[in-house]
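Here the structure is laid out as structure tokens; the discussion comes afterwards.
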Amino acid sequence: DGGITQSPKYLFRKEGQNVTLSCEQNLNHDAMYWYRQDPGQGLRLIYYSQIVNDFQKGDIAEGYSVSREKKESFPLTVTSAQKNPTAFYLCASSSRASGETQYFGPGTRLLVL
Amino acid sequence: RKEVEQDPGPFNVPEGATVAFNCTYSNSASQSFFWYRQDCRKEPKLLMSVYSSGNEDGRFTAQLNRASQYISLLIRDSKLSDSATYLCVVKDNYGQNFVFGPGTRLSVLP
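If you're matching them up, the sequences are chains X and W in order. Using my numbering, the first residue of the first sequence is number 43, and each one after it goes up by one. Using my numbering, the first residue of the second sequence is number 43, and each one after it goes up by one.
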């Protein structure tokens with residue numbers, strides 16, 4: 043089945059630790075996105091990538107980093123510089139062929155110990 | 043002013059009721075419009091795209107008013123399973139970002 047997978051479902055981070063969230067899609071979509079959602083809040087864009095080996099900062103990129111070495115994969119690293127990382131992280135992808143509709147993965151919940 | 047604003051909610055309605063959600067956007071260059079639904083602790087899922095002429099999908103009707111920069115979603119004959127948060131999303135064709143509204147929560151009561 044085609045879709046977007048994210049792992050892990052839950053992730054615990056210790057103070058000062060970098061953690062990486064995985065996002066993989068087999069929809070052959072060119073564009074991929076990372077969002078953060080806090081309780082009772084809307085989605086805020088962290089980073090996005092329109093093509094392999096290229097990505098741009100979103101509205102809240104500080105304390106995060108990404109890579110796009112393969113079309114299928116767009117991992118997000120939450121660095122120790124991100125002081126308030128506890129949130130629900132959502133990965134999405136889209137393509138012009140799909141009418142620019144975004145499809146989301148199931149999300150990763152990050153908690154700080 | 044926020045780029046995309048929605049009715050603050052929550053909306054609590056009885057089964058069978060008709061409910062309407064409103065959304066306004068500030069970027070006049072916006073070209074694509076969507077409604078997503080998000081269940082508690084789950085990812086957003088596309089409910090419907092919104093076309094200039096308006097469109098209907100079963101009990102759901104979406105309308106777009108470009109002059110007023112306004113989008114609406116009408117749900118007829120509400121079901122318990124319609125309980126969720128409804129997200130308004132807009133996108134312009136110059137940038138590549140999708141801008142999400144804060145969402146409006148709907149609870150359909152038995």
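Ideal placement from N, C-alpha and C gives every residue a C-beta, glycine not left out.
For residue i, which residues from the same chain have a beta carbon less than 8 Å from its beta carbon, with the 5 sequence-adjacent residues on both sides left out?
i: E57(W); result: S120, K121, L122, V150, L151, P152
i: F146(X); result: I46, L132, C133, A134
i: V94(X); result: R110, E111, K112, K113
i: S94(W); result: L106, R108
i: A62(W); result: S114, L115, L116, I117
To the nearest angstrom, report how far apart residue i and residue j are at their CA atoms.
i: E85(W); j: Y78(W); result: 10 Å
i: R118(W); j: G51(W); result: 18 Å
i: G143(W); j: D81(W); result: 15 Å
i: S125(W); j: L148(W); result: 5 Å
i: L85(X); j: L116(W); result: 23 Å
i: G58(X); j: S107(X); result: 15 Å
i: T60(W); j: F102(W); result: 10 Å
i: T189(X); j: Y77(X); result: This structure cannot settle anything about residue 189(X), because the visible part of chain X is limited to 43 through 155.
i: F97(X); j: I88(X); result: 11 Å
i: Q79(X); j: Y128(W); result: 14 Å
i: G82(X); j: N70(X); result: 32 Å
i: Q124(X); j: N97(W); result: 42 Å
i: E45(W); j: N64(W); result: 14 Å
Looking at chain X, is there any beta carbon in it that lies within less than 9 Å of the beta carbon of residue i?
i: P144(W); result: yes
i: R101(W); result: no
i: E98(W); result: no
i: S95(W); result: no
i: K74(W); result: It should be pointed out that residue 74(W) corresponds to Ser in this sequence rather than to Lys. By this cut-off, S74(W) is an interface position.
i: L148(W); result: no
i: S91(W); result: yes
i: L129(W); result: yes
i: K133(W); result: yes
Since residue i meets chain X, which of its residues come closer than 7 Å, beta carbon to beta carbon?
i: L155(W); result: This structure does not reach residue 155(W), given that chain W is present from 43 up to 152, and the question cannot be answered.
Which chain W residues are close to residue i, counting only those with a beta carbon under 9 Å from its beta carbon?
i: P148(X); result: K84, E85
i: Q67(X); result: Going along chain W, no residue has its Cβ under 9 Å from Q67(X), so there is no contact; the nearest lies around 13 Å.
Grab me the residues of residue i's own chain with a C-beta within less than 6 Å of its C-beta, minus the 5 sequence neighbours each way, in chain order.
i: K51(X); result: none
i: Y75(X); result: Y90, A134
i: E66(X); result: T47, E114, S115
i: L155(X); result: F54, K56
i: E47(W); result: T66
i: K21(W); result: Residue 21(W) lies beyond the residue range present for chain W, which begins at 43 and ends at 152; the question has no answer from this structure.
i: S49(X); result: S64
For the beta strand (DSSP E) that residue i lies in, which residues bound it at each end?
i: V108(X); result: 106 to 108
i: K87(W); result: 86 to 92
i: V61(X); result: 61 to 67
i: N64(W); result: 61 to 67
i: P56(W); result: 53 to 56
i: V46(W); result: 46 to 48
i: V94(X); result: Run containing V94(X): none; DSSP gives neither H nor E here.
Could one say the Cβ of residue i lies closer than 9 Å to chain W's Cβ atoms, at least one of them?
i: Y106(X); result: no
i: F97(X); result: no
i: L132(X); result: yes
i: Q100(X); result: The identity of residue 100(X) in the sequence shown is Gly, whereas the question assumes Gln. With 9 Å as the cut-off, G100(X) counts as an interface residue toward chain W.
i: G84(X); result: yes
Report all residues from its chain with a CB closer than 7 Å to the CB of residue i; omit the five preceding and five following residues, and keep chain order.
i: N54(W); result: S149, L151
Residues of chain X with a CB under 8 Å from the CB of residue i: which are they?
i: F53(W); result: Simply none; closest approach about 15 Å.
I want to verify the contact list: residues of chain W whose CB lies under 8 Å from the CB of residue i, in sequence order.
i: L118(X); result: Correct list: empty, because the minimum Cβ distance to chain W is about 15 Å.
Name the chain W residues whose beta carbon is nearer than 7 Å to that of residue i?
i: L87(X); result: N139
Starting from the beta carbon of residue i, find every residue of chain A whose beta carbon is closer than 9 Å, and list them in chain order.
i: Q124(X); result: The structure shown has no chain A; the protein chains it does contain are X and W.
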